[in-house]
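Trainee: Residues are numbered in the numbering used here as their position in the sequence shown, beginning at 1, plus a constant of 4.
Yeah, the Cβ is synthetic: ideal placement off N, Cα and C, and Gly gets one too.
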Amino acid sequence: MQIELSRVDPSRSPQDRLRPDRLRSDCPVLLSQRLVMRAPHEEDIDALAHLANNAAVATMVSRMPHPYTARDAADFVRRTNAGEIGKCVYAITKAENGEFLGCCALEPHVNDADTLEIGYWLGEPHWNRGYATEAAHALIDMAFRTRDIAHIDARCRVTNIASRRVIQKCGFQFQGSGMVGSLAMGGMMPVEWFRLDRKTWMSLKSWGEMR
Ligand SMILES: CC(C)(COP(=O)(O)OP(=O)(O)OC[C@H]1O[C@@H](n2cnc3c(N)ncnc32)[C@H](O)[C@@H]1OP(=O)(O)O)[C@@H](O)C(=O)NCCC(=O)NCCS
5 MQIELSRVDP SRSPQDRLRP DRLRSDCPVL LSQRLVMRAP HEEDIDALAH LANNAAVATM
65 VSRMPHPYTA RDAADFVRRT NAGEIGKCVY AITKAENGEF LGCCALEPHV NDADTLEIGY
125 WLGEPHWNRG YATEAAHALI DMAFRTRDIA HIDARCRVTN IASRRVIQKC GFQFQGSGMV
185 GSLAMGGMMP VEWFRLDRKT WMSLKSWGEM R
């Protein structure tokens with residue numbers, strides 16, 4: 005684990021290694037009505053460690069350890085900025101005061117260059133205020149506007165009512181079910197798979213009608 009964390013990608017120029025923001029040139033800061041989404045910072049570590057150390061969050065996502073320590077949070081921020089955890093990982097923050105609320109991300113599909121996968125989580129005190137839907141809308145809009153992709157996929161645990169609702173409010177359509185590994189659960193969990201294709205997104209551009 006430590007070896008992997010300290011490994012330097014030799015394909016990157018020295019400038020890229022010194023300026024992690026260069027790696028995010030295709031992951032612009034995203035603004036929405038109430039949110040700013042930007043690269044995770046060191047200043048997020050305390051809030052990240054506090055909010056992520058919650059089984060109700062960790063057991064709904066695939067790669068969050070539980071318990072979650074300040075060291076896990078520091079590793080996450082460092083690895084994110086080094087481009088080791090996907091390219092487009094965002095901290096979701098409140099526009100009015102910069103408060104860290106959670107994270108969202110877009111990941112390339114392993115075998116399909118036409119597809120990205122969206123993921124998100126919010127700290128429990130911030131649930132049910134529409135933040136995840138607002139963040140997902142901004143991320144999806146950015147992805148379809150700036151990338152030559154045909155689909156965005158989303159997966160949630162079959163028991164995850166809130167995430168399924170977010171997925172529905174973004175216009176995704178059910179594709180099937182399967183199993184995904186979960187670090188916090190220590191095994192596989194049953195999930196539902198949803199997909200939003202570009203044509204559907206274009207016809208839903210007026211997101212307000214979906215809320
Ligand atoms: C899933 C999650 C991101 C949703 O965040 P959020 O900001 O609360 O989501 P939103 O407020 O945008 O939407 C939640 C929707 O679910 C609904 N909902 C939440 N709990 C519900 C429940 N128990 N029964 C029915 N509906 C529920 C809310 O009412 C809302 O729908 P509405 O706008 O139609 O009223 C958040 O709960 C979370 O981080 N959970 C843990 C991690 C996780 O599940 N991540 C997603 C992995 S796929």
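Can you tell me whether DSSP reads Ile89 as helix, strand or coil?
Mentor: For the purposes of this step, residue 89 is identified with residue 85 of the sequence shown, where counting begins at 1. Of the three classes helix, strand and coil, the one that applies to Ile89 here is coil, per DSSP.
Trainee: What do you reckon, are the CB atoms on Glu100 and Ala158 nearer than 9 Å?
Mentor: Along the sequence shown, read from residue 1 onward, the residue named residue 100 stands at position 96. Along the sequence shown, read from residue 1 onward, the residue named residue 158 stands at position 154. No; because the gap between Cβ atoms is not below 9 Å, this pair is not in contact.
Trainee: Let's test the definition: count the other Cβ atoms within 10 Å of the Cβ of Glu196 and tell me whether it reaches 16, buried, or not, exposed.
Mentor: Taking the sequence shown and counting its residues from 1, the one referred to as residue 196 is at position 192. By the neighbour-count rule (16 or more Cβ atoms within 10 Å), Glu196 is buried.
Trainee: For His130, verify whether its CB is less than 8 Å away from any heavy atom of ligand 1.
Mentor: Within the sequence shown, the letter at position 126 stands for residue 130. His130: yes, Cβ under 8 Å from ligand 1.
Trainee: Quick check: Pro293 and Gly90, are their CB atoms within less than 9 Å of each other?
Mentor: Outside the displayed span of the chain (5 to 215) sits residue 293, for which this structure offers no information.
Trainee: What alpha helix (DSSP H) runs, 4 residues minimum, are completely inside the stretch 140-199?
Mentor: List check, alpha helix (DSSP H) in window: 165-173.
Trainee: Using only the alpha-carbon positions, how far apart do His45 and Val81 sit?
Mentor: Along the sequence shown, one-based indexing puts residue 45 at 41. Along the sequence shown, one-based indexing puts residue 81 at 77. About 6 Å.
Trainee: Report the CB separation of Gly134 from Val65 in whole angstroms; it is logged as a contact under 8 Å.
Mentor: As a position in the sequence shown, residue 134 is number 130, starting the count at 1. As a position in the sequence shown, residue 65 is number 61, starting the count at 1. That pair is no contact at about 20 Å.
Trainee: Determine the closest residue to Lys98 out of Leu126, Ala109, Ala77, with distance taken between C-alpha atoms.
Mentor: As a working note, residue 98 is residue 94 in the sequence shown. With distances taken between Cα atoms, Lys98 lies closest to Leu126.
Trainee: Is there contact between the stretch 103-118 and the stretch 128-144, where contact requires at least three CB pairs shorter than 8 Å?
Mentor: Segments in contact, yes.
Trainee: CB Gly200 to CB Phe176, shorter than 9 Å?
Mentor: Residue numbering aside, residue 200 sits at position 196 when the sequence shown is read from its first letter. Residue numbering aside, residue 176 sits at position 172 when the sequence shown is read from its first letter. For the sequence presented, residue 200 should be read as Leu rather than Gly. Against a cut-off of 9 Å, the Cβ pair of Phe176 and Leu200 comes out as a contact.
Trainee: Starting from the Cα of Leu105, find the closest Cα among Val61, Trp205, His70, Arg202 and give me that residue.
Mentor: For the purposes of this step, residue 105 is identified with residue 101 of the sequence shown, where counting begins at 1. Nearest option by C-alpha distance: Val61.
Trainee: Grouping DSSP H, G and I as helix and E and B as strand, with all else coil, what is Pro69?
Mentor: Here residue 69 corresponds to residue number 65 of the sequence shown, with the count starting at 1. Residue state, collapsed to three classes: coil.
Trainee: Using only alpha-carbon positions, find the residue among Leu52, Ala53, Ser207 that is nearest to Phe148.
Mentor: On the sequence shown, residue 148 is found 144 positions in, with the first residue counted as 1. If we check each option's Cα against that of Phe148, Ser207 comes out closest.
Trainee: Considering only heavy atoms of ligand 1, does any lie closer than 8 Å to the CB of Tyr135?
Mentor: Translated into the one-based positions of the sequence shown, residue 135 becomes position 131. Answer for Tyr135: yes, Cβ within range of ligand 1.
Trainee: Would you check whether ligand 1 has a heavy atom nearer than 8 Å to the C-beta of Gly185?
Mentor: Here residue 185 corresponds to residue number 181 of the sequence shown, with the count starting at 1. No; taking the cut-off as 8 Å, the Cβ of Gly185 has no heavy atom of ligand 1 nearer than that.
Trainee: Beta-carbon separation of Ala56 and Met68 under 9 Å?
Mentor: Taking the sequence shown and counting its residues from 1, one reaches residue 56 at position 52. Taking the sequence shown and counting its residues from 1, one reaches residue 68 at position 64. For Ala56 and Met68, yes; Cβs fall inside 9 Å.
Trainee: If the criterion is Cβ atoms closer than 9 Å, does the pair Glu138 and Gln37 meet it?
Mentor: By one-based count along the sequence shown, residue 138 stands at place 134. By one-based count along the sequence shown, residue 37 stands at place 33. For Glu138 and Gln37, yes; Cβs fall inside 9 Å.
Trainee: Looking at the unbroken beta strand (DSSP E) that takes in Val40, where does it start and where does it end?
Mentor: Reading the sequence shown from its first residue, position 36 is the one you call residue 40. Start and end: 39-42.
Trainee: Taking 8 Å as the cut-off, does the CB of Gly106 come closer than this to any heavy atom belonging to ligand 1?
Mentor: Working through the sequence shown from its first residue, we reach residue 106 at position 102. Yes, Cβ of Gly106 sits closer than 8 Å to a heavy atom of ligand 1.
Trainee: Beta-carbon within less than 8 Å of Arg202's beta-carbon, same chain only, minus the 5 sequence neighbours each way: which residues are those?
Mentor: In the sequence shown, residue 202 corresponds to position 198, counting from 1. Within the same chain, Arg202 has close Cβ partners Phe148, Ile153, Ala154, His155.
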